[in-house]
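Notes for the one structure printed next.
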Amino acid sequence: DALISQIAAGEVVERPASVERELLDNALDAGATQITVRLLAGGVRLISVEDDGAGIARDELPIALKRHATSKIASLAELEAVGTMGFRGEALAAIASVGELTLISRTADAAEAWSIDAASGEMRPAARAVGTTVEVRELFFSTPARRKFLKTDATELAHCLEAVRRHALSRPDVGFAVWHEGRLIEQWRSWRDLEPLRAHERRIADVLGEDFLAQSVAVDHRAGPLRVWGRAGVPDAARSRADGQFAFVNGRFVRDKVIAHAARSAYEDVLHGQRQPVYVLHLEIDPTRVDVNVHPTKIEVRFRDGREVHQAVRHAIENALATPRA
Ligand code: ADP
Ligand code: MG
Numbered sequence: 025d026a027l028i029s030q031i032a033a034g035e036v037v038e039r040p041a042s043v044e045r046e047l048l049d050n051a052l053d054a055g056a057t058q059i060t061v062r063l064l065a066g067g068v069r070l071i072s073v074e075d076d077g078a079g080i081a082r083d084e085l086p087i088a089l090k091r092h093a094t095s096k097i098a099s100l101a102e103l104e105a106v107g108t109m110g111f112r113g114e115a116l117a118a119i120a121s122v123g124e125l126t127l128i129s130r131t132a133d134a135a136e137a138w139s140i141d142a143a144s145g146e147m148r149p150a151a152r153a154v155g156t157t158v159e160v161r162e163l164f165f166s167t168p169a170r171r172k173f174l175k176t177d178a179t180e181l182a183h184c185l186e187a188v189r190r191h192a193l194s195r196p197d198v199g200f201a202v203w204h205e206g207r208l209i210e211q212w213r214s215w216r217d218l219e220p221l222r223a224h225e226r227r228i229a230d231v232l233g234e235d236f237l238a239q240s241v242a243v244d245h246r247a248g249p250l251r252v253w254g255r256a257g258v259p260d261a262a263r264s265r266a267d268g269q270f271a272f273v274n275g276r277f278v279r280d281k282v283i284a285h286a287a288r289s290a291y292e293d294v295l296h297g298q299r300q301p302v303y304v305l306h307l308e309i310d311p312t313r314v315d316v317n318v319h320p321t322k323i324e325v326r327f328r329d330g331r332e333v334h335q336a337v338r339h340a341i342e343n344a345l346a347t348p349r350a
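Here the sequence shown stands for residues 25 to 350, where the numbers follow full-length UniProt numbering.
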């Protein structure tokens, strides 16, 4: 079983950022409004994700660490229409097989917090407010072959920051803070008091800069069961950034060829194929028309009708770019 876990871990956990992404998903699924990430050595020595979500009851701490233990889907039918970020129930087990994992959690009705050490199963009372902290130390320490593939701390840190950026762009209602080596390196306040579109704009300015926001136009397009909305950089903005393609499907960050190609086609006339387009696009689609269960990391999706998505994204961006700026 340890071996199976390590094999599964290979699919889910490539580097600190993959661990961090799973922990962020879990925090959001738990209803967190504030998430704090603490890293040491680019996440290799420590990744700690602290949330103020619902917490895990004491009895359930050992269960949360088991393979295929998920509190999120009860049936195959639900797998068709997953609303939560996680759903396979294998992230924590996989991570625990490649690093030293500790869970510290407290639910609203509990008098105290409890911690569990994944390796020994040992549980102890702990002190913290309602919510969960997951700490992962010394990633790949027991699998030197894997540890060898890690890049410099600076590179791993950059990947970790990118993962937080993606989550932050999709959830402007949640506050995020990132510490590295004891220093606060990013902090984005929650915009939950603003109406959603304004909140998204503010968060884009936080994460990608006021310039990106100022040099972009609003995208909002409906096509049957699809809605595509967000911001698309005007050609000048596109010139200044090569790393600004963010696409979300029902709130989940994805890397998708259909969306990327559609966006590129929309920009082609304006940019003459010279530059990368920049955008933050949200695709809202009936969950039964997209399969998110294609890849263990859930970063890839499969659309039931790729053409429908391609057209919608292309039109959405073309319309936005053709609209004179206010
Ligand atoms: P999944 O997210 O697919 O259900 P995970 O292995 O990521 O599987 O997590 C296992 C279970 O542990 C979750 O279903 C959830 O019940 C619990 N859990 C994990 N992280 C948290 C958290 N931050 N807050 C509350 N519960 C959590
Ligand atoms: Mg999960």
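Even glycine gets a Cβ: it sits at the ideal position worked out from N, Cα and C. Quantities reported herein were computed from a predicted structural model and do not represent experimental measurements.
Query	Result
Span separating the alpha-carbon of A65 from that of G79	27 Å
Where the alpha helix (DSSP H) through L185 begins and ends	177 to 194
Reference V158, options R328, Y303, R62, closest by Cα	R62
Cα-Cα separation between A247 and R328, rounded to whole angstroms	15 Å
Span of the beta strand (DSSP E), counted from its first residue to its last, around H306	303 to 308
Any 3 or more C-beta pairs closer than 8 Å across the region 316 to 334 and the region 220 to 238	no
Beta-bridge partners of P149, as assigned by DSSP	W138
Anticipated Cβ contact below 8 Å, A118 with V37, distance rounded	6 Å
Pick from K172, W212, H204, H339 that is closest to D197, judged by C-alpha positions	W212
Beta-bridge partners of S72, as assigned by DSSP	R62, E159
Any C-beta of chain D under 8 Å from that of L163	Among the chains in the structure shown there is no chain D, since it carries only a single protein chain.
Whole alpha helix (DSSP H) elements within the UniProt domain "DNA mismatch repair protein S5" (228 to 346), 4-residue minimum	234 to 238, 259 to 264, 281 to 295, 330 to 346
Nearest neighbour of Q335, chosen from A223, A284, V302, I59 [CA to CA]	A284
Inter-residue Cα distance where the pair is F200 and C184	13 Å
Nearest-angstrom beta carbon gap, F272 and L305 [assumed within contact, 8 Å]	7 Å
Residues near G330 in its chain [Cβ-Cβ closer than 6 Å; skip 5 each side]	V282
Three-pair Cβ contact test at 8 Å for the region 186 to 194 versus the region 167 to 176	no
Nearest-angstrom Cα separation, counted from S121 out to E342	47 Å
Contact belief for E324 with D280 at Cβ below 8 Å, rounded distance in angstroms	7 Å
Residue from S240, P249, E84, I128 whose Cα sits closest to the Cα of G268	S240
Reduced DSSP secondary structure (H/G/I, E/B, other) of G123	coil
A115 Cβ short of 7 Å to the ligand MG heavy atom set	yes
Buried or exposed (CB count within 10 angstroms, at least 16 for buried), A142	buried
Limits of the beta strand (DSSP E) - the one that I209 falls within	207 to 212
C-alpha distance - L127 paired with R288, whole-angstrom precision	43 Å
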